[in-house]
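In what follows, a structure is listed as structure tokens, so that the remarks can point back to it.
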Amino acid sequence: MADLESRVGDLRRSLDKVTVEDDAMIVGAGIVARGELEGCAKLVVHGHYEGDFKGEELIIGMGGKYIGDVTVERAVVAGSYEGHLVVKKLLDVSPGGLVEGHITYKEMRKAEGATVNGTLHQLS
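For the sequence shown, my numbering gives the first residue as 1, with consecutive numbering after it.
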């Protein structure tokens, strides 16, 4: 019983250290989510997300996949994206990242080993 109480105490202390932004959503690895997000400024995808998103920032981690329409200020893609993407400031495609579809961006940083396919339009 003392061992269980000790583990519960350890869990509570570790949860106290976790901070999450109020206006952020994380789709963890192995999770599949669908729908339209509202009131979310930052979306981090390590799993699979399908739907529309308008916000400040989209981050697709390695192994993450996003399908849908997105309008953001900044985007970082280390996984894969497919759809209509509008990035008002910086689109950063990491090594191994894949972006496909209709892509509108102000500035793009494409690392060696990154792939961008589709219709590209640079904002002035």
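Ideal Cβ placement from N, Cα and C applies to all residues, glycine included.
query                                                                                                                                                            : result
Output needed for T115: all residues of its chain with C-beta closer than 6 Å, excluding positions within five of it in sequence on either side, in chain order. : L98
Do V70 and E56 have their beta-carbon atoms positioned less than 8 Å apart in this structure?                                                                    : no
Taking just the CA atoms, how far does G63 sit from V32?                                                                                                         : 12 Å
Starting from S124 and walking both ways along the beta strand (DSSP E), at which residues does that stretch end?                                                : That residue, S124, is in no beta strand (DSSP E); it is neither H nor E in DSSP.
Near E50, which residues of its chain fall below 7 Å by C-beta distance, leaving aside the five closest residues on each side in sequence?                       : R34, I67, G68
Thinking H48 and K65 are a contact (beta carbons under 8 Å), I'd like their distance in whole angstroms, please.                                                 : 5 Å
Among M25, E100, D52, K106, which has the Cα closest to the Cα of V45?                                                                                           : M25
Tell me, please, which residues DSSP counts as bridged to I60.                                                                                                   : V45, V77
To the nearest whole angstrom, what separates the beta carbons of Y81 and E100, a pair I think is in contact under 8 Å?                                          : 7 Å
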